[in-house]
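Trainee:
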Amino acid sequence: MDREAYVEAVLRIVEAVPPGRVTTYGVIADSVGVGGPRQVGQVMANYGGPVPWWRVVRSDGSLPDTHQRSARHHYLDEGTPLRGGVRAVLRVDLTTALWTPAAGRTGDVGGV
DNA sequence: GGGTTGACCAATG
DNA sequence: TCATTGGCCAACC
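Position in the first sequence counted from 1, then plus 510, gives you the working numbering.
(1) What do you get for S541, buried or exposed, if any count of 16 or more other CB atoms within 10 angstroms of its CB means buried?
(2) Report the rounded CA-to-CA distance for R513 versus S580, giving the unit in angstroms.
(3) How would you label G476, buried or exposed, when you count the other beta carbons within 10 angstroms and need 16 or more for buried?
(4) I'd like the span of the alpha helix (DSSP H) that includes L521, first residue to last.
(5) Can R565 and R531 be called in contact, C-beta distance under 8 Å?
(6) If contacts are defined as beta-carbon pairs under 8 Å, then V544 and Y516 qualify, I think. What distance do you get, rounded to the angstrom?
(7) Ignore the nearest five residues each way along the sequence and tell me which others in D603's own chain have a CB closer than 6 Å to its CB.
(8) If you check the beta carbons only, do P562 and E525 fall under 8 Å apart?
(9) V596 to R582, Cα distance in whole Å?
(10) D603 lies in the alpha helix (DSSP H); which residues open and close that run?
(11) Are there 16 or more other CB atoms within 10 angstroms of the CB of A607, so buried, or fewer, so exposed?
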């Protein structure tokens, strides 16, 4: 798979994440079926501009140290269930907010 | 061909 | 709950 094709596959999943929900790099990597979580991260770093990157979090619900503050505004705006609070690093309640590509396409196969 | 880097993950103390 | 360690995959120099 070309790099661009991989990028498109990743971005398509990120754009498919509904507001108020989040998904993880691992889930995306697993859904794409190619490469690993780190490749997803690199794609986001280079091409994640035009997509809701704040809906993509790490496996523990935290965000990249570089964008946590920016993402907080989006979470408050979308009503994403947060956890912890001002206590520590901004974190998302994955127990409630976790979304997976498979759960999103209910009956909509989309195709490839 | 080899070493370094990165928006990572899971296990352990 | 937080910090550390090892493993992971691909791109870049």
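Ideal Cβ positions, reconstructed from N, Cα and C, are used throughout, including at glycine.
Mentor: By the coordinates alone:
(1) Indexing the first sequence from 1 puts residue 541 at position 31. S541 should be labelled buried.
(2) Within the first sequence, the letter at position 3 stands for residue 513. Within the first sequence, the letter at position 70 stands for residue 580. When rounded, the distance between both Cα atoms is 28 Å.
(3) The question about residue 476 has no answer, for the chain in this structure spans 511 to 622.
(4) For the purposes of this step, residue 521 is identified with residue 11 of the first sequence, where counting begins at 1. Unbroken alpha helix (DSSP H) run through L521: 513-526.
(5) Here residue 565 refers to the residue found at position 55 of the first sequence. Here residue 531 refers to the residue found at position 21 of the first sequence. Cβ atoms of R565 and R531: closer than 8 Å.
(6) Working through the first sequence from its first residue, we reach residue 544 at position 34. Working through the first sequence from its first residue, we reach residue 516 at position 6. With 8 Å as the limit, V544 and Y516 qualify as a contact, their Cβ atoms being about 6 Å apart.
(7) Locating residue 603 in the first sequence gives position 93, where the first residue counts as 1. Here the set comprises P591, R593.
(8) Taking the first residue of the first sequence as 1, we reach residue 562 at position 52. Taking the first residue of the first sequence as 1, we reach residue 525 at position 15. Going by C-beta atoms, P562 is nearer than 8 Å to E525.
(9) In the first sequence, residue 596 corresponds to position 86, counting from 1. In the first sequence, residue 582 corresponds to position 72, counting from 1. At V596, the pLDDT of 48 sits below 50, so the modelled position is not reliable and the matter cannot be decided from this model.
(10) Taking the first sequence and counting its residues from 1, one reaches residue 603 at position 93. D603 -> no alpha helix (DSSP H), and no H or E assigned at all.
(11) For the purposes of this step, residue 607 is taken as residue 97 along the first sequence, with counting starting at 1. The residue is buried, with at least 16 neighbouring Cβ atoms inside 10 Å.
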